[in-house]
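Chemist: Once you've had a glance at the structure underneath, I'll fire off some questions.
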Amino acid sequence: MKKILTGLQPSGELTLGSLIGGISQTVKLQNEYESYIFVPDMHAITVRQDPKLLRERIRKNVALYLAAGIDPSKNIIYIQSENLYHANLSWVLECTTYMGEASRMTQFKEKSSKKDNVTVGLFTYPILMASDILLYDADYVPVGGDQKQHVELARDIAERFNKTYGDTFKIPEPLIRDVGFRIMDLQNPSSKMSKSSENTKGIIFLLDDEKTIRKKIMSAVTDSEGKVYYDTKNKPGISNLLSIYAALNDISVEKAEEQFKDYNYGNLKKEVSDTVVRVLLDIQDKYNKLINSSEIDEILDRGREVTNEIAKKKVEEVFDKIGFGR
Ligand code: AQP
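See the structure below:
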């Protein structure tokens, strides 16, 4: 069985974008693949985090994975920092990566241009991501378009290492989702809905209450044309609402477009709100039962054990080939 690997950073509260573009993709693939899903807490500290909040969010992420349909009998679920081999391998991979290729990462350029105190960790983050992937010989990494470049870097690093030291790493491939799975900010529909954006009015958090969800969708930015159809370039707001509706009802964007072609924007927003509320309240109900349960700890203990065993073997093989130790 081929392996897939997914992680959602606990750098903020998970959003509708995290659900549609991240968790739900893994839920769909979990029957076909050997699936690894983790909480990349070490990635989250590339920007400053409050320790108490970070710890809360790690647990919340896991509860939300499960509440959204990640099946613990079909997935290995774990916390990145509970496996010290991620950072160990990352160092070796840093020494296998050239400054030129790391400097080409567009996500770093974009994120660093918006911040004052940029950490070295933000720069080397894609190499830690390569370690996350290569440790487990993942075949596929389901990612949004913005992460494709990072998977390509992981491939280049793996190929270089294999060429120098002999066959060691599986060469991973990105599994790119359809355009409709990129969920945009409701207030600024030309930007991705991101958990760490400052203006929270355009972001639906998975744990928002019903009133807040409805309010955010009803005030989503649209356009003045008054016709419902899918056109991301000229109608990013309406296209985003159609994408959300299609993704949550598991239908094509074309089908959603057909269904709403005679609707006005107010009625479209009302239907989208009903769908989002239905899906999120169901997830929240399950989440509330899970968040304080020992089930989460049992799942994470198992994940820690399994992944440490796999990663230890891989890192020992790497260290041996490099010539580390006695
Ligand atoms: N808005 C989105 N639409 C579709 N997919 C999304 N993903 C995240 N937001 C959307 C996908 O979820 C996976 C995990 O992403 P992540 O949370 O680890 O990092 P991110 O992509 O950087 O998410 P954010 O919310 O934008 O985080 P911050 O604000 O901390 O940078 C990825 O596969 C991603 O594509």
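Here the sequence shown is numbered in this note's numbering, starting from 636 and rising by one per residue.
We put the beta carbon where it would ideally sit given N, CA and C, even for glycine.
Note that the structure is predicted; figures quoted are calculated from it, not measured.
Three-state secondary structure (DSSP) at G901?
Modeler: helix
Chemist: Flag this pair as yes or no: are the beta carbons of R790 and P807 separated by less than 8 Å?
Modeler: Yes, they are a contact pair.
Chemist: For my contact list, Q715 and F673 are in at a C-beta cut-off of 8 Å; report their separation, rounded to the angstrom.
Modeler: 5 Å
Chemist: Would the C-beta of F597 count as close to the ligand AQP, meaning under 7 Å from any of its heavy atoms?
Modeler: This structure does not reach residue 597, given that the chain is present from 636 up to 961, and the question cannot be answered.
Chemist: Could you check how far apart the C-beta atoms of I879 and L651 are, in whole angstroms? I think they sit under 8 Å.
Modeler: The beta-carbon distance between I879 and L651, rounded to whole angstroms, is 7 Å. This is short enough to meet the 8 Å contact definition.
Chemist: Could you tell me if F959 is buried or exposed, where buried requires 16 or more neighbouring beta carbons within 10 angstroms of its beta carbon?
Modeler: exposed
Chemist: What whole-angstrom Cβ distance do L724 and L757 have, given they're in contact under 8 Å?
Modeler: Going by Cβ atoms, the distance from L724 to L757 rounds to 19 Å, so no, they are not a contact pair.
Chemist: Looking at the secondary structure, which residues open and close the beta strand (DSSP E) in which K638 lies?
Modeler: 638-642
Chemist: Is there at least one non-hydrogen atom of the ligand AQP closer than 7 Å to the beta-carbon of D706?
Modeler: no
Chemist: Can you determine whether any heavy atom of the ligand AQP sits closer than 7 Å to the C-beta of K827, and answer yes or no?
Modeler: yes
Chemist: Between H785 and Y775, what straight-line distance do the alpha-carbon atoms span, to the nearest angstrom?
Modeler: The C-alpha of H785 lies about 13 Å from the C-alpha of Y775.
Chemist: Taking the alpha carbon of N666 as the point to measure from, which residue in N710, K830, I693 has its own alpha carbon closest?
Modeler: N710
Chemist: May I have the straight-line CA-CA distance separating L877 from L763, to the nearest angstrom?
Modeler: Going by the C-alpha atoms only, they are around 35 Å apart.
Chemist: I need the boundaries of the alpha helix (DSSP H) containing F673, first residue and last residue.
Modeler: Careful: F673 lies outside any alpha helix (DSSP H), inside the beta strand (DSSP E) at 669-674.
Chemist: Label N696 either buried or exposed according to how many other C-beta atoms from any shown protein chain fall within 10 Å of its C-beta, with 16 as the threshold for buried.
Modeler: With 16 or more Cβ atoms within 10 Å of its Cβ, N696 is classed as buried.
Chemist: Can you list, in chain order, the residues of its chain whose CB lies under 6 Å from that of I934, leaving out five sequence neighbours each side?
Modeler: P707, I712
Chemist: Going by the CB atoms, is the gap between F840 and I655 shorter than 8 Å?
Modeler: no
Chemist: Please name the residue or residues paired with Y713 in a DSSP beta bridge.
Modeler: F673
Chemist: Distance, Cα to Cα, E893 vs Y864?
Modeler: 8 Å
Chemist: Could you tell me the boundaries of the beta strand (DSSP E) in which E808 lies?
Modeler: For E808, the enclosing beta strand (DSSP E) covers residues 808-811.
Chemist: Can you tell me where the beta strand (DSSP E) holding P686 begins and where it ends?
Modeler: No beta strand (DSSP E) holds P686; the alpha helix (DSSP H) holding it covers 686-702.
Chemist: Tell me V778's beta-bridge partners as DSSP assigns them.
Modeler: DSSP lists I811 as partners of V778.
Chemist: Inspect the CB distances between the stretch 844-864 and the stretch 810-829 and report whether three or more fall short of 8 Å.
Modeler: The stretch 844-864 is in contact with the stretch 810-829.
Chemist: The ligand AQP and D885: does the residue's C-beta get closer than 7 Å to at least one heavy atom of that ligand?
Modeler: no
Chemist: For the pair the stretch 932-948 and the stretch 864-875, tell me if three or more CB-CB distances fall below 8 Å.
Modeler: no
Chemist: If you measure between the beta carbons of L903 and Y771, is that distance less than 8 Å?
Modeler: no
Chemist: Considering Cα atoms alone, identify which of W726, I926, Y898 is closest to E691.
Modeler: I926
Chemist: At a cut of 8 Å, does the stretch 732-749 reach the stretch 895-909 through at least three beta carbon pairs?
Modeler: no
Chemist: Between which residues of its own chain and P761 is the CB-CB distance below 6 Å, once the five residues before and five after are set aside?
Modeler: M740, H785, L788
Chemist: Determine the closest residue to G901 out of L719, V888, I873, with distance taken between C-alpha atoms.
Modeler: Looking only at L719, V888, I873, the smallest Cα-Cα distance to G901 is reached by I873.
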